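Novice: Below are the structure tokens for one structure; questions will follow.
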Amino acid sequence: MTVISGVDRSVLGQRLEVELERFVDSNPRSKELYERAQKSLVGGVPMPWMMRWAGGFPVFARLAIGARIIDVDDHTYVDFCLGDTGAMTGHDPQPVVSAITDQERRGITTMLPTENAAWVGEELQRRFGLDRWMFTLTATDANRAALRICRQITGRPKVLTFSYSYHGSVDETFAVAGPDGTTVSREGNVGPPVDPSVTTTTVEFNDLEAVEAAFETGEIACVLLEPAMTNMGIVLPDDGYHSALRDLATRHGVLLIIDETHTFSAGPGGCTREWGLEPDLFSIGKAIGSGIPCGALGMTAEVATRMFAQEGADYEDTGGVGGTLAGNALSMAAVRATLSEVLTDDAWDYTVPLATRFSDGIKTVVEEFGLPWNVTQLGARAEYRFEDAPARNGTQAHDASDPELERYLHVHALNRGVLITPFHNMALMSPATTEHDVDLHTEVFREAVSDLQS
């Protein structure tokens, strides 16, 4: 008997086959559409990552409302994926739907600012503490702009990142720290424009000595990080980590960029407000617009002043910062409605306890069956992992991954009307999520674990 992650692999293989057969039999229309799309879409899906859904093909959505998705085979799912935070509001928050509908009648994009843009800038100031804001269509765009700005105003060539961090599709972040501490391309990186070590130094999260050594080279323009890592499970910072990192960056003249694309789950001002962080620049996307493409880049007044003190830096046209659709009227209307009426300051008073209920349910099942698994919560977000204690860095979390076990748990949940984020074990709570939804997941999760004991 081979046991990995506390699970007999022969039993796991048998149970996975049963669940995959059930999935195929239950989703004939989705299978038909997937096969049809093979003739026109790359991989048969709108984006290649959708090929990784646990059943071998994705279910095709017909309707998304509240915290529910109904597919083309008329199955209803409790949705804990929520667009990987893009639908953190739920799928159809009425204030946002009304704002979008109204704005569509008055113009979608004009290359001109709107009053909503000014309101959003002021609200982002209030929530996150940064003095000046600009808008993008994604957090990836915001991060790319941030890196350009930091290189320009410091005159330094490199970015410091952390192994297995999440910053969208930013080239500089597809690097990891190799076994000998050198920076190497992350496995599977597609067509990097240059060897990542040319532009990037990568170290492990929570390793302040490695950060300081990188800063001492004098090459680092900025450090880009999530306040808590989210790409390989939730990896929390050590006590005192962020204050020490801030001190090191200040001492070495390195700019600090905080990316809260996923960690907005921590509270109405993200980890930045909850933990009293002091970034020089700040990026966010997805959740602030309820699914309408948008992103934002904030910066201190000092950074903004340094930007425009640079002779020859063209921020208006050819400098590689911004886009024609960025800050468009429709996006700004969606963001204003989201922040003023849905993800308000008190929304987390409802969603965080739900995430705690979710986490407690997982812990109860894990303890019942004596499994070496853990669950970590970050505000309204929670994720379980197949190791006995939470990881302290991305490499440790990556090495503890168990794709076969993860696939089984995901397809088992899909077959019983529960949707969690693909290639993660992440669940996010929205204002439309209910205690019943959470308890359904606990029930389904317990059934899946129990079936592995036979």
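Under the numbering used here, the letters of the sequence shown match residues 11 to 464, in that order.
From the three backbone atoms N, C-alpha and C, an ideal C-beta is built for every residue, glycine too.
Note that the coordinates shown come from a computational prediction; the quantities given were computed from them, not determined experimentally.
List in chain order: all unbroken beta strand (DSSP E) runs of 3+ residues lying wholly within the segment 400-440.
Specialist: Runs of the beta strand (DSSP E) inside the segment 400-440: 436-438.
Novice: From which residue to which residue does the beta strand (DSSP E) around Tyr394 run?
Specialist: Start at 1 with the first residue of the sequence shown, and residue 394 comes out as number 384. Per DSSP, Tyr394 belongs to the beta strand (DSSP E) from 391-395.
Novice: Which residue's Cα is closest to the Cα of Leu255: Cys232, Phe318, Ala185?
Specialist: Position 245 of the sequence shown holds residue 255. Minimum Cα distance to Leu255 is reached at Cys232.
Novice: In terms of residue numbering, what span does the beta strand (DSSP E) encompassing Lys168 cover?
Specialist: Here residue 168 is taken as the residue at index 158 of the sequence shown, counted from 1. Residues 168-172.
Novice: Mark Ser179 as exposed unless 16 or more other C-beta atoms lie within 10 angstroms of its C-beta, in which case mark it buried.
Specialist: Mapped onto the sequence shown, residue 179 falls at position 169. Ser179 comes out exposed.
Novice: Need the endpoints of the alpha helix (DSSP H) that Gln162 sits in, please.
Specialist: Position 152 of the sequence shown, counted from the first residue, corresponds to residue 162. For Gln162, the uninterrupted alpha helix (DSSP H) run begins and ends at 149-164, by DSSP.
Novice: Exposed or buried, Trp143, counting other C-beta atoms within 10 Å across all chains shown (16 or more means buried)?
Specialist: Within the sequence shown, the letter at position 133 stands for residue 143. Buried.
Novice: With DSSP collapsed to three states, give me the class of Phe292.
Specialist: Looking up residue 292 in the sequence shown gives position 282. Here Phe292 sits in strand by DSSP.
Novice: Using the beta-carbon count (16 or more within 10 Å), is Tyr360 buried or exposed?
Specialist: Working through the sequence shown from its first residue, we reach residue 360 at position 350. It is exposed - the Cβ of Tyr360 has fewer than 16 other Cβ atoms within 10 Å.
Novice: At 3 residues or longer, and completely inside the segment 54-119: list those beta strand (DSSP E) runs for me, N to C.
Specialist: 71-75, 78-81, 86-89
Novice: Rounded to a whole number of angstroms, what is the C-alpha to C-alpha distance between Arg456 and Val375?
Specialist: Translated into positions along the sequence shown, residue 456 becomes position 446. Translated into positions along the sequence shown, residue 375 becomes position 365. Computed Cα separation, rounded: 6 Å.
Novice: Which residue's Cα is closest to the Cα of Ile430: Gly76, His446, Ala392, Asp83?
Specialist: Here residue 430 is taken as the residue at index 420 of the sequence shown, counted from 1. Minimum Cα distance to Ile430 is reached at Ala392.
Novice: Using a Cβ-Cβ distance cut-off of 9 Å, determine whether Arg72 contacts chain B.
Specialist: Although the question refers to chain B, the structure presented lacks it and comprises just one protein chain.
Novice: For the segment 67-75 and the segment 25-44, state whether three or more C-beta atom pairs, one from each stretch, are separated by less than 8 Å.
Specialist: yes
Novice: Under 7 Å Cβ to Cβ from Ile118, same chain only, skipping five residues before and after it: list those, please.
Specialist: What you label residue 118 is simply residue 108 of the sequence shown in a count that begins at 1. Only Asn338, Ala339, Leu340 meet the Cβ criterion.
Novice: Exposed or buried, Met439, counting other C-beta atoms within 10 Å across all chains shown (16 or more means buried)?
Specialist: Counting from one through the sequence shown, the residue named residue 439 turns up at place 429. Result: buried.
Novice: Tell me the rounded alpha-carbon separation between Glu133 and Arg316.
Specialist: The residue given as residue 133 occupies position 123 in the sequence shown. The residue given as residue 316 occupies position 306 in the sequence shown. Glu133 and Arg316: Cα-Cα distance of roughly 24 Å.
Novice: State the Cα-Cα distance for the pair Glu414 and Ile268, rounded to the nearest angstrom.
Specialist: Here residue 414 refers to the residue found at position 404 when the sequence shown is read from its first residue. Here residue 268 refers to the residue found at position 258 when the sequence shown is read from its first residue. Cα-Cα distance, rounded: 33 Å.
Novice: Look at the alpha carbon of Glu3 and the alpha carbon of Phe145, and state the distance between them as a whole number of angstroms.
Specialist: The chain is shown only over 11 to 464; residue 3 falls outside these bounds and no answer can be derived.
Novice: Just reading off the alpha helix (DSSP H) that Trp358 is part of, what are its end residues?
Specialist: Residue 358 sits at position 348 when you count from the first residue of the sequence shown. Here the alpha helix (DSSP H) through Trp358 covers 357-378.
Novice: Tell me the DSSP bridge mates of Phe145?
Specialist: Residue 145 sits at position 135 when you count from the first residue of the sequence shown. Bridge partners of Phe145: Ala306.
Novice: Touching or not, the segment 105-122 and the segment 310-330, by the rule of three or more beta carbon pairs under 8 Å?
Specialist: The answer is no - the segment 310-330 does not touch the segment 105-122, with fewer than three Cβ pairs under 8 Å.
Novice: Classify Pro56 as buried or exposed, calling it buried when 16 or more other Cβ atoms lie within 10 Å of its own Cβ.
Specialist: Start at 1 with the first residue of the sequence shown, and residue 56 comes out as number 46. Under this definition Pro56 is an exposed residue.
Novice: Buried or exposed: where does Lys168 fall if 16 or more other Cβ atoms within 10 Å of its Cβ makes it buried?
Specialist: Residue numbering aside, residue 168 sits at position 158 when the sequence shown is read from its first letter. It is buried - the Cβ of Lys168 has at least 16 other Cβ atoms within 10 Å.
Novice: My understanding is that Glu226 touches Ala187, with C-beta atoms under 8 Å, so please give their C-beta distance in whole angstroms.
Specialist: As a first step, residue 226 is located in the sequence shown; it is residue number 216 there, counting from the start. As a first step, residue 187 is located in the sequence shown; it is residue number 177 there, counting from the start. Contact doesn't hold; Cβ gap of about 16 Å is too wide.
Novice: What first and last residue would you give for the beta strand (DSSP E) that runs through Leu235?
Specialist: One-based indexing of the sequence shown puts residue 235 at position 225. If you look at Leu235, you'll find it in the beta strand (DSSP E) that goes 230-235.
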